[in-house]
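Asks:
Number of protein chains: 2
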Amino acid sequence: MLVPGKTSGRAGIADVARLAGVSIGTASKALNDRGQLREETRARVQAAAEQLGFIPSSVATSLLTGRTFTVGLIMTDHHGRFSLPVLHGAEDALGWAETLAFVCDTRDDPIREQHYVRSLLGRRVDGIIVAGRRAEARPPLITRAPVPVVYAFARSADEGDCSVVTDEEGGAVLAIEHLVRTGRRRIAHVTGPHGHASAIARVAGVSRALRAAGLEPVGDPWYGGWSEVWGRFAAAALTREHPDVDAVFCGSDTIARGVADGLRESGRRVPEDVALVGVDNWAPIAEECRPPLTSVDLNLREVGRQAGRLLLQAIENGHTPGVHSVDCQLVVRSSSAPASGRT
Amino acid sequence: MLVPGKTSGRAGIADVARLAGVSIGTASKALNDRGQLREETRARVQAAAEQLGFIPSSVATSLLTGRTFTVGLIMTDHHGRFSLPVLHGAEDALGWAETLAFVCDTRDDPIREQHYVRSLLGRRVDGIIVAGRRAEARPPLITRAPVPVVYAFARSADEGDCSVVTDEEGGAVLAIEHLVRTGRRRIAHVTGPHGHASAIARVAGVSRALRAAGLEPVGDPWYGGWSEVWGRFAAAALTREHPDVDAVFCGSDTIARGVADGLRESGRRVPEDVALVGVDNWAPIAEECRPPLTSVDLNLREVGRQAGRLLLQAIENGHTPGVHSVDCQLVVRSSSAPASGRT
DNA sequence: TTGAAAGCGCTAACAA
DNA sequence: TTGTTAGCGCTTTCAA
């Protein structure tokens, strides 16, 4: 089955050495700028390598050094809305092709996850990033990994692990502060399912920020789904029950878009009568919203960047346990423009 | 810099052999079910491996066999709407962790692409999948790769390469046929920018299907952008210029959603007065559309699956040049329900 | 300044 | 049935 020595047509260092008329060891030194070599020799070897299109096999050096400059990125989020930005951030931190990432989509299946982890370990990855799909804590990897693991976005339920998360509560605070600063006083909160970790965190942030501003909430938080339908429904009910509402903070851009449509259809103008802020800053929704939606960006890319950085650090200098939190960022669009001259 | 022999705490086959009281060679045979061994020995070795949590280093076997069971997946599509399904399909074909994929996002930067390719080649990937972002042909990889390359979604401009694409023209035909079959006769086509490959292919499909049905197009194709704003604008203009229009085929779900809103706001009911079909079957848009949108699915996952399959085939049995086309699939939702009893 | 040789973890011939 | 050895492609001592 295994045919040894299937050295493809690729040039090896032996070919380079032969072409340059030096020994393999000398060629190695020349190519890696190590040791003491005559400049002429070095140049000759490099020219030979160039000519042959020599690309050193990192398989060989990995075997030698025990390091592969390779990590695993496990994503559980099938459509990638959350995992992709994390991947991009990780790529930033991993130095654009310095270290490469094996991406594994587990489809939320623990069996598959285990498979992937084993496979990654067999490939001797230097570390693993686990990118979750939601803000809930997730169970740690089943397989005990002999390499560092960093959880991104969804933190590990094990406090001894290293996780990077988004400060969702802080994001809500940002949103409310923005609304207050732009003159809104009657602020409602429409969010996703009751009991959902993100919803809980944001509700906490809303309360905190409203209290700090000396404002009463407009009714209880409105729990529902993450859909536009829910947003439209909530908008209708909200204007009926609290006709004086002048701002709505929504648990997601999707909800916010529904609220925007719902408000418009019940005769309220956005942002003149009611300001709107969503969460996710998901371009296809936020930018197509009428009007374009002010939104809290979860800064997932930065989460990925941090995760990558912490992973490299763990690989080089050991574990950094704990939950590392990344701030959200408010992206202002027209849906929250001040009603009048109030600033 | 390179510290040789940094054998981490991981168990190696030598440890397994020692624990089982056999030689390394014997341990290898036992673990790989090769050679003739006493059953008892095999079991003892396997137990030892189990106990030590031994996972064989594929780095070593890769060096030996010249095959890494690893591929590169280059994506140029930053938000992953097109590349992710391709990745998932590829994972299907690559046998869920049998072969692992390094995912590289080039951000459409040729320099970065070159970097990644070199890095992949250094890691001795068995092959490369290049997942494009649009239906336009793309220039082939700059670096001549000594391994098979398959282009997915965006085909290579070089006909000698192997590409897997979606049959966009066929998708348009599917849409028109569906509309005709459900009794529509005055069918308009609103699409993206003039000159865009996808738009061109779809326009061709529309003409073909209309001609086959013996119908006249309702005016020329409406070229614009891929946005909802364009859809809304087009809907208004369309109903003004062609009040008898009873169906609109849109170049994307986003456009279709704009058209849906535009129609509703000019007093047309969807689907009672006007049926609507989009392209992409992008859940967050198609499902949130009012009403939920019938859409042509590009079958990107199947594109990825094919690409993976062709790549493996190329790795094992050599190159399969040419453009391989995958059919689209119509996903029917309420936006195209028959107006009355006509079937 | 260069070459020769050992060895990374493992498999597969060959020897015992 | 088991052990020994060579070697995959490279880096790095150490000797020349």
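Chains as they are written, first to last, in UniProt numbering: chain A, 1 to 343; chain B, 1 to 343.
We put the CB at the ideal spot given by N, CA and C, even for glycine.
1. Can a CB atom of chain B be found closer than 7 Å to the CB of residue 351 (chain A)?
2. When Cβ atoms are compared, which residues of the stretch 235 to 261 of chain A fall closer than 9 Å to chain B?
3. Out of A:A209, A:W226, A:P221, which has the shortest C-alpha to C-alpha gap to G192 (chain A)?
4. Can you give the beta carbon distance from L84 (chain B) to H79 (chain A), rounded, assuming they're within the 8 Å contact cut?
5. Would you mind giving the Cβ-Cβ distance between E169 (chain A) and R118 (chain A), rounded to the nearest angstrom? I have them listed as a contact below 8 Å.
6. With C-beta atoms as the reference, is L293 (chain B) less than 7 Å away from A247 (chain B)?
7. For L63 (chain B), go through chain A and note every residue whose CB falls closer than 7 Å to its CB, in chain order.
8. Give the range of the alpha helix (DSSP H) segment to which F233 (chain B) is assigned.
9. Quick check on the DSSP output: what are the complete beta strand (DSSP E) runs of length 3 or more inside the stretch 61 to 133 of chain B, in order along the chain?
10. Considering Cα atoms alone, identify which of A:R264, A:G258, A:Q313 is closest to E287 (chain B).
11. Does I55 (chain B) come out as helix, strand or coil in the three-state DSSP assignment?
12. Considering only residues of the same chain and omitting the five flanking positions on each side of T68 (chain B), which have a CB-CB separation below 8 Å?
13. Taking its Cβ as the centre, do 16 or more other Cβ atoms sit within 10 Å of E216 (chain A), making it buried, or is it exposed?
14. In chain order, what residues of the same chain lie with their CB nearer than 6 Å to the CB of R133 (chain A), ignoring the 5 residues before and after it?
15. Just to make sure I have the definition right: I need the residues of chain B whose C-beta is within less than 8 Å of the C-beta of I55 (chain A). Which are they?
16. Rounded C-beta distance between V245 (chain A) and A188 (chain A)? I'm assuming under 8 Å.
17. Span of the beta strand (DSSP E) holding V274 (chain B)?
18. Using a Cβ-Cβ cutoff of 9 Å, what residues of the stretch 125 to 137 of chain A are near chain B? List them in chain order.
19. Any beta-carbon of chain A closer than 7 Å to the one on V303 (chain B)?
20. In this structure, how does DSSP classify A212 (chain B) when only helix, strand and coil are distinguished?
21. Taking the CB atoms as reference points, tell me whether A30 (chain B) and A307 (chain B) lie closer together than 7 Å.
22. What residues in the stretch 175 to 208 of chain B have a beta carbon less than 9 Å from any beta carbon of chain A?
23. The beta strand (DSSP E) spanning I187 (chain A) covers which residue range?
24. Find the residues of chain B that neighbour G80 (chain A), judging by a C-beta separation of less than 7 Å, and give them in chain order.
25. Looking only at its own chain, which residues have a Cβ that is under 7 Å from the Cβ of D327 (chain B), when we skip the five neighbours before and after it?
26. Going by DSSP, what residue range makes up the beta strand (DSSP E) through S266 (chain B)?
27. Quick one: which residues of the stretch 102 to 116 of chain A get their C-beta closer than 9 Å to a C-beta of chain B? List them in chain order.
28. Is L120 (chain A) near G160 (chain A), with beta carbons less than 7 Å apart?
29. Kindly indicate which residue of B:D261, B:V150, B:A145 has the alpha-carbon position closest to the one of F233 (chain B).
30. Specify the secondary structure class of Q46 (chain B) as computed by DSSP and reduced to three states.
31. Quick one: give me the first and last residue of the alpha helix (DSSP H) that L330 (chain B) is part of.
32. So, under 8 Å CB-CB, R268 (chain B) and T239 (chain B) are touching, yes? Tell me the CB distance rounded to an integer number of Å.
33. Got a sec: does the ligand ZN put a non-hydrogen atom nearer than 6 Å to the Cβ of R107 (chain B)?
Replies: With the structure as the only source:
1. No information on residue 351 (chain A) is available, as it lies outside the stretch 1 to 343 that chain A covers here.
2. T254, R257, G258, D261
3. A:W226
4. 7 Å
5. So it is not a contact: roughly 37 Å between Cβ atoms.
6. no
7. V59, A60, L63
8. 228 to 241
9. 70 to 75, 100 to 105, 127 to 131
10. A:G258
11. coil
12. S58, S62, R123, R124, V125, D126
13. exposed
14. T76, D77, F82
15. R118, L121, G122
16. 5 Å
17. Premise fails: V274 (chain B) is in no beta strand (DSSP E) and is neither H nor E.
18. none
19. no
20. helix
21. no
22. none
23. 187 to 191
24. G80, L84
25. D167, G170, N299
26. No beta strand (DSSP E) holds S266 (chain B); DSSP gives it neither H nor E.
27. F102, V103, C104, D105, R107, R112, H115, Y116
28. no
29. B:D261
30. helix
31. It is not in any alpha helix (DSSP H) - L330 (chain B) instead sits in the beta strand (DSSP E) that spans 329 to 331.
32. 6 Å
33. The ligand ZN is not among the ligands present in this structure, which contains no ligands whatsoever.
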